[in-house]
Each structure stands twice: as C-alpha cells, then as structure tokens.
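Undergrad: Quick note on our numbering: the sequence shown kicks off at 11 and runs consecutively.
All C-beta atoms, glycine included, are put in the ideal place defined by N, C-alpha and C.
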Amino acid sequence: MLKKLLSRSRFENETHALYDVVVAHARQPVLFHDFGVPDTLDGRFEMVVLHALLTMRRLRACGEEGQAQAQKLFDIMFADFDRALREIGVGDLSVGRRIKKMAQAFYGRASALDHALEGEDDDEPLRDTIVRNVFGTVEPDDGHVGRLTAYVRSQARHLDSLRCEDVLAGRVSFDDAEAAVAE
Numbered sequence: 011m012l013k014k015l016l017s018r019s020r021f022e023n024e025t026h027a028l029y030d031v032v033v034a035h036a037r038q039p040v041l042f043h044d045f046g047v048p049d050t051l052d053g054r055f056e057m058v059v060l061h062a063l064l065t066m067r068r069l070r071a072c073g074e075e076g077q078a079q080a081q082k083l084f085d086i087m088f089a090d091f092d093r094a095l096r097e098i099g100v101g102d103l104s105v106g107r108r109i110k111k112m113a114q115a116f117y118g119r120a121s122a123l124d125h126a127l128e129g130e131d132d133d134e135p136l137r138d139t140i141v142r143n144v145f146g147t148v149e150p151d152d153g154h155v156g157r158l159t160a161y162v163r164s165q166a167r168h169l170d171s172l173r174c175e176d177v178l179a180g181r182v183s184f185d186d187a188e189a190a191v192a193e
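1) Decide if residue 183 is buried, meaning its Cβ has at least 16 other Cβ atoms within 10 Å, or exposed.
2) Could you please give the first and the last residue of the uninterrupted alpha helix (DSSP H) stretch that includes residue 183?
3) What residue range is occupied by the uninterrupted alpha helix (DSSP H) comprising residue 44?
4) Using 8 Å as the Cβ pair cut-off and three pairs as the minimum, do the segment 164-180 and the segment 70-82 touch?
5) Rounded to the nearest angstrom, how far is the Cβ of residue 133 from that of residue 159, given a contact under 8 Å?
6) How is residue 73 classed by DSSP in three states: helix, strand or coil?
7) So within the segment 136-180, which uninterrupted alpha helix (DSSP H) runs reach at least 4 residues, ignoring any that extend past its ends?
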C-alpha cells in the first residue's frame, strides 16, 4: 500500500521534480552549520516545510493550475513524511496522529509565512515567524535569525521572478544559500 502511495505513477513527473528540488535545497548543510537551524528531526522538518511553502506560494500565484500543483506537492510531501515516520520505527497506530500534528503545524506555518512575506519593508513579522517555528526548540542566535530572515526573503523574491510555465513544469530553482544572504 505504501509503495502505491509513493509511486511515481501516482504523481506527475513535474510534482516529483518540484519535491526533489525542495528536499535537496532543504538539506543543504549550510542551513544547519552556518544558519544555525537545529540539525534535528524538527529542524529538518522545518526546512522541508519552509522550502515547500515558498514553492507553493509561487505556484498559487500561477492560477488554478498552480493551485492544483501546490496541492499535489503537499500530497507528495506528506506521503513522504508518512514513509519517513514508518522508516524510523514509528508504529502504525501512531503514524496517523503524528501526520495530523504535522499537517496542523504546516497550515499554521503557511498562514504565518504568507502574512510575514506581505510586508516587503518590514522584516519583523518574518523574523518572529522564523524564531517561533524554525528555532522553536532552541534559543536562537540573533545573527542566525538575521541570516535566515534574509535568506527566506531572498528566496521568495527569486521564486517570484520565475516564469509560471517553468514552475508548473517542475523547473524550479532556489538561489544558493550563501549568495542569497550576501545580497
């Protein structure tokens, strides 16, 4: 059943391409080593969710087709979370409960990030969102928070510059993490 859930045939190649880029970028060592994101299960979850939310935000701006693609990206991401929980030994009876909590966290973060990115001139809401979500389990260093805030803002601008045709086709990219904060 799980194999069917994650099979390539269930999701279009474009969705897999998007998710592969999201995960690859979310796993960059620089985010954990230089930006101070906790290298924990929670920290890794936060980075995948953050990059997925930035991608979904761009997709939603591409109309109905983009909204449908954003939903597919959500579906494949949560199918992968389900698989990962099972791989680390979470019992079948607990997986559903954990996925539900993860989905609630996702929707809360989506709302907070969308609101925080509205004010281009005011980074305080974005900083607060990052502190609360990404660094929620640790006491963050102000430098790390500042760098991650600049990084998120830069990634949002970069994704906004991509053509809808490319994003919908699964051709999405992120700026290099170091270059994103050097702007």
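TA: Reading it off the structure:
1) exposed
2) Residue 183 -> no alpha helix (DSSP H), and no H or E assigned at all.
3) Note, residue 44: premise wrong, no alpha helix (DSSP H); not H, not E.
4) yes
5) 5 Å
6) helix
7) Entirely contained in the segment 136-180, the alpha helix (DSSP H) runs reaching 4 residues are, in chain order, 152-171 and 174-178.
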